[in-house]
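To start, the structure under review is shown below, and the notes come after it.
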Amino acid sequence: MTADPDPVGFLPPDAPATDDVTPPTPTPMKLTERPHPLTPFIRGWVVLLALVISIGREFLPNGEERTLPPLEIILLGVAALALAAGVAGYISWRFTRFVIDADELRIDTGAIFRRSMRVAFDKVQAIDVVQPFAARIFGLAELQIDVGSQERSKLRYLSLGRAYALRDYLLTRARGYQAEAATTTSSVSVLTDLHETDEVLVQVPPQTLVLAAVTSHEFWLIVLGGVLFVGVGLAVGQWWVLLAAGIPTISGLFGFVSRRVTGQFNYTLSRREHGLRISRGLTSLTSQSLPARRIQAAQLSQSPVWRLLGLYRIDIEVIGWGAVTDNEDASGVSTILLPAGTFEQVRVALAAIWPRADFTTVELSPAPQRARWLHPFSGPFLRWGHDQYLVVAQHGWLVRRWQLVPHTRVQSVRITQGLLSRRLGLADLEFHTAGMHIAAHASGVDAGVVLERQTELMALLHLHGPDVSEPFPATNPDLSEAQAAIATPDSDKSGLEGERRGQAGPDALRADQAEATISSTE
Amino acid sequence: MTDLFTPAAHWQRLPDRYVTVRRLGALTYNLISAAIAAVAVGFLLDWRWAGALAVAGLGWTGWRVIRAGRWVRTFGYAERDEDLLITHGLWNNRLTAIPYGRMLSVNVESGPIDRAWGLARVELVTASVQSAGHIPGLQQEDAAALRDRLIATGEAQALPL
Numbered sequence: 001m002t003a004d005p006d007p008v009g010f011l012p013p014d015a016p017a018t019d020d021v022t023p024p025t026p027t028p029m030k031l032t033e034r035p036h037p038l039t040p041f042i043r044g045w046v047v048l049l050a051l052v053i054s055i056g057r058e059f060l061p062n063g064e065e066r067t068l069p070p071l072e073i074i075l076l077g078v079a080a081l082a083l084a085a086g087v088a089g090y091i092s093w094r095f096t097r098f099v100i101d102a103d104e105l106r107i108d109t110g111a112i113f114r115r116s117m118r119v120a121f122d123k124v125q126a127i128d129v130v131q132p133f134a135a136r137i138f139g140l141a142e143l144q145i146d147v148g149s150q151e152r153s154k155l156r157y158l159s160l161g162r163a164y165a166l167r168d169y170l171l172t173r174a175r176g177y178q179a180e181a182a183t184t185t186s187s188v189s190v191l192t193d194l195h196e197t198d199e200v201l202v203q204v205p206p207q208t209l210v211l212a213a214v215t216s217h218e219f220w221l222i223v224l225g226g227v228l229f230v231g232v233g234l235a236v237g238q239w240w241v242l243l244a245a246g247i248p249t250i251s252g253l254f255g256f257v258s259r260r261v262t263g264q265f266n267y268t269l270s271r272r273e274h275g276l277r278i279s280r281g282l283t284s285l286t287s288q289s290l291p292a293r294r295i296q297a298a299q300l301s302q303s304p305v306w307r308l309l310g311l312y313r314i315d316i317e318v319i320g321w322g323a324v325t326d327n328e329d330a331s332g333v334s335t336i337l338l339p340a341g342t343f344e345q346v347r348v349a350l351a352a353i354w355p356r357a358d359f360t361t362v363e364l365s366p367a368p369q370r371a372r373w374l375h376p377f378s379g380p381f382l383r384w385g386h387d388q389y390l391v392v393a394q395h396g397w398l399v400r401r402w403q404l405v406p407h408t409r410v411q412s413v414r415i416t417q418g419l420l421s422r423r424l425g426l427a428d429l430e431f432h433t434a435g436m437h438i439a440a441h442a443s444g445v446d447a448g449v450v451l452e453r454q455t456e457l458m459a460l461l462h463l464h465g466p467d468v469s470e471p472f473p474a475t476n477p478d479l480s481e482a483q484a485a486i487a488t489p490d491s492d493k494s495g496l497e498g499e500r501r502g503q504a505g506p507d508a509l510r511a512d513q514a515e516a517t518i519s520s521t522e
Numbered sequence: 523m524t525d526l527f528t529p530a531a532h533w534q535r536l537p538d539r540y541v542t543v544r545r546l547g548a549l550t551y552n553l554i555s556a557a558i559a560a561v562a563v564g565f566l567l568d569w570r571w572a573g574a575l576a577v578a579g580l581g582w583t584g585w586r587v588i589r590a591g592r593w594v595r596t597f598g599y600a601e602r603d604e605d606l607l608i609t610h611g612l613w614n615n616r617l618t619a620i621p622y623g624r625m626l627s628v629n630v631e632s633g634p635i636d637r638a639w640g641l642a643r644v645e646l647v648t649a650s651v652q653s654a655g656h657i658p659g660l661q662q663e664d665a666a667a668l669r670d671r672l673i674a675t676g677e678a679q680a681l682p683l
């Protein structure tokens, strides 16, 4: 941190709109920081790289004829754009200052339109440290602060150690601790974001990622597309199709596998005392914190070949993170909780976000035989069930999917029945969460079962128990009473609970470390 | 009566006046939208298609006008201790349960036709866009009272998001 007394006077003495929290006494000059001085170069470099890649793609043969302007003009244009990006980067760097200390988190930006943003510490939801490739070469990183609004504020670029130190400090403050202002930069490994004190929960080696990518259904769909195209071409005797379809298919396959592998390379889910964290990436390293309270739903999926290999993938839906990620390569946050892993890893990952729930003990009941009239393919695989924490619904014919929603995230429940399903004595259930992308529903459920269970299902919506994302405390008589009170009438459920409380051994320790009032940031 | 879509509760139905309002609404909105669509198609494609569309629009409007009475009679809502139930639908039956604690806000809206008949529509907003908690055709005083009741219970039973 450098003591910059703001000689140029860009910094307003006190931003009036945002500073009404602190008393109006004249405070001594704050220690403000600027991002790393290499920032403008890297911004220019990022633009240059993006342009080179996108233009380079045009030169690859892809079966289409395209006329391109002469090379000199392209190079000149690229250079001009990169220069412009660099200049813009310099100006924005020159006018960006931030303060992260014991009193405030403030970011001042903008050359013409000044903007001073101040964030309340306890509103910080998640902090991500993202290293795009260009920044990574110079050991720099971008700090993204998620306060739950649509837009996340970004600080770029800081030195990696500084970014991690600030991240740790902010996450600690977000949980209500008055920590020492982060002035030290912790020494960090270049490859991962791991500390000796971190508890590694799940690690996915690159060979698993490669195996998962080449056995995924998306991979085989690309292959199938190419084979069909070539087959049709050969059938009509057009040999050139072999080349025209073969090259894009093969480059598409390479692109697909490398996307899956580079983006998720060295995937590590770990736990530190401030919460869960995912770090991943080969060329660009991302370290994102997972706000467990904001996770609305999870979806497990399994491609046909993965069933033989015992692999699963988990996607989650988090409020404010937008659509479920489908481009694994994009740097920044992604909603992939587990790119590919064994059943045991799935259990660990889900237990990390929802320590109270255990999906393996949820009893799933299959859809009745007559549901196949409405769901000819997926009928035999439709299942659903719930326990006191989770609703689980299974779907899918070739690609099997399991949707998991905790009751505490369900906003409303709907039972629907169309003309045909009324004839067949079936009904559908919808579970509405604050997310829109994993639309949890159970199809083709026996109407009689729904009638039997609907009171119970609706009652589970408004339990005033502890949140599903809070770990079990060691011994808490109140809790066990509450659990007994909300237990379902089935006698076998109580046995299941005892078992679950027994399993919660390691969680108990962490619960002691955590304060009773865990804020919404984990 | 207790079945899948009307579990035992104190069910409230919509006032009979709403049938008329719904018929009028179906007539105006459906006819106007059908007319606009028909004219647009006529100019863009062919007047024969426009004619077909107009006939289809007329048929759909007539169908809605005839069915309005039955649809309104299927609609019901029940304020239970901890949640609000809404049921409706002739062909596609649906029952939605919204816990009071999940409600973010409750709106009362009334369009021109609604206002002429002294009716209003109550909308429950939760964090989910799919919840769709609408209760149409309530008398304006009832709607305001329901809104205030829902808000009061919602505050008392607030659940964390």
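Heads up: the sequence lines are chains E and R, in that order. According to the numbering used here, the first sequence holds residues 1 to 522 in order. According to the numbering used here, the second sequence holds residues 523 to 683 in order. The beta-carbon is built from N, C-alpha and C at its ideal position, and this holds for glycine as well.
Quick check on the DSSP output: the alpha helix (DSSP H) that includes residue 343 (chain E) runs from which residue to which? 343-353
Check whether the stretch 590-602 of chain R and the stretch 540-549 of chain R are in contact - that is, three or more C-beta pairs closer than 8 Å. yes
Please classify residue 441 (chain E) as buried or exposed, where buried requires at least 16 other C-beta atoms within 10 Å of its C-beta. buried
So, using beta-carbon positions, are residue 657 (chain R) and residue 643 (chain R) closer together than 9 Å? yes
In the DSSP assignment, what residue or residues form a beta bridge with residue 318 (chain E)? E:295
Locate the alpha helix (DSSP H) running through residue 306 (chain E), then write down its first and last residues. 304-309
Which chain R residues sit within Cβ distance under 9 Å of residue 436 (chain E)? 650, 651 and 652
Taking Cβ-Cβ distances shorter than 9 Å, what residues in chain E pair up with residue 619 (chain R)? 412, 413, 414, 415, 454, 457, 458 and 461
Same chain, Cβ closer than 8 Å to residue 281 (chain E), five either side skipped, listed in chain order: 131, 262, 263, 264, 265, 266 and 331
Just list the alpha helix (DSSP H) runs in the stretch 209-255 of chain E, keeping only unbroken ones of 4 residues or longer that don't cross its boundaries, in chain order. 217-235
Residue span of the alpha helix (DSSP H) that contains residue 75 (chain E), given as start and end: 71-94
Given residue 276 (chain E), which residues of its chain have a CB within under 6 Å of its CB, disregarding the five upstream and five downstream residues? 290 and 352
Would residue 316 (chain E) count as contacting chain R if we go by Cβ distances under 9 Å? no
Listed from N- to C-terminal order along the chain, which residues in the stretch 442-453 of chain E have their beta-carbon within a distance smaller than 8 Å of any beta-carbon of chain R? 447, 450 and 451
If contact is defined by three or more beta carbon pairs under 8 Å, each pair taking one atom from either stretch, is the stretch 574-592 of chain R in contact with the stretch 616-632 of chain R? no
Strictly under 9 Å for the Cβ-Cβ distance: is residue 395 (chain E) near chain R by that measure? no
Cross-chain neighbours of residue 604 (chain R) in chain E, by beta carbon under 7 Å: 462
If you check the beta carbons only, do residue 394 (chain E) and residue 407 (chain E) fall under 9 Å apart? no
Determine the burial state of residue 337 (chain E): buried for a count of at least 16 other Cβ atoms within 10 Å of its Cβ, exposed for fewer. buried
So with Cβ pairs under 9 Å, would you call residue 432 (chain E) a contact of chain R? yes
Using three-state DSSP, classify residue 658 (chain R) as helix, strand or coil. strand
Within chain E, partners of residue 614 (chain R) - CB distance below 8 Å: 416, 417, 418 and 419
Using only CA atoms, which one of E:236, E:259, E:260 and E:221 lies nearest to residue 249 (chain E)? E:221
Which two residues bound the contiguous alpha helix (DSSP H) that contains residue 438 (chain E)? Looking at the DSSP string, residue 438 (chain E) is not in any alpha helix (DSSP H), and its letter there is neither H nor E.
Run through chain R and tell me which residues come within less than 7 Å of residue 427 (chain E), C-beta to C-beta. 526
Identify every residue that forms a DSSP beta bridge with residue 145 (chain E). E:127 and E:153
Cutoff 9 Å: residue 523 (chain R) Cβ touching any chain E Cβ: The predicted model places residue 523 (chain R) with a pLDDT of 41, which falls under 50 and marks its position as unreliable, so this point remains unresolved.
Using a Cβ-Cβ cutoff of less than 6 Å, which residues in the same chain neighbour residue 316 (chain E) once the five nearest sequence positions on both sides are dropped? 295, 298, 335 and 337
Just curious, the alpha helix (DSSP H) that residue 267 (chain E) is in, first and last residue? Careful: residue 267 (chain E) lies outside any alpha helix (DSSP H), inside the beta strand (DSSP E) at 267-272.
Where residue 571 (chain R) and residue 434 (chain E) are concerned, what is the direct C-alpha to C-alpha distance, given to the nearest angstrom? 42 Å
Which stretch, first to last residue, makes up the alpha helix (DSSP H) that contains residue 424 (chain E)? 419-424
Own chain residues within Cβ distance below 8 Å of residue 214 (chain E), not counting five before or after: 257
In the DSSP assignment, find the unbroken beta strand (DSSP E) run with residue 600 (chain R) in it and report its ends. 598-601
For the candidate residues R:647, R:576 and R:556, whose alpha-carbon lies nearest to that of residue 523 (chain E)? The requested residue 523 (chain E) is not part of the displayed model; chain E covers only 1 to 522.
For residue 485 (chain E), count the other beta carbons within 10 Å of its own beta carbon; 16 or more makes it buried, fewer makes it exposed. Which is it? Note on residue 485 (chain E): pLDDT 40, under 50, position unreliable in the model; the coordinate value appears next. Classification of residue 485 (chain E): exposed, given that the 10 Å Cβ count is below 16.
Where the alpha helix (DSSP H) containing residue 568 (chain R) begins and where it ends: That residue, residue 568 (chain R), is in no alpha helix (DSSP H); it is neither H nor E in DSSP.
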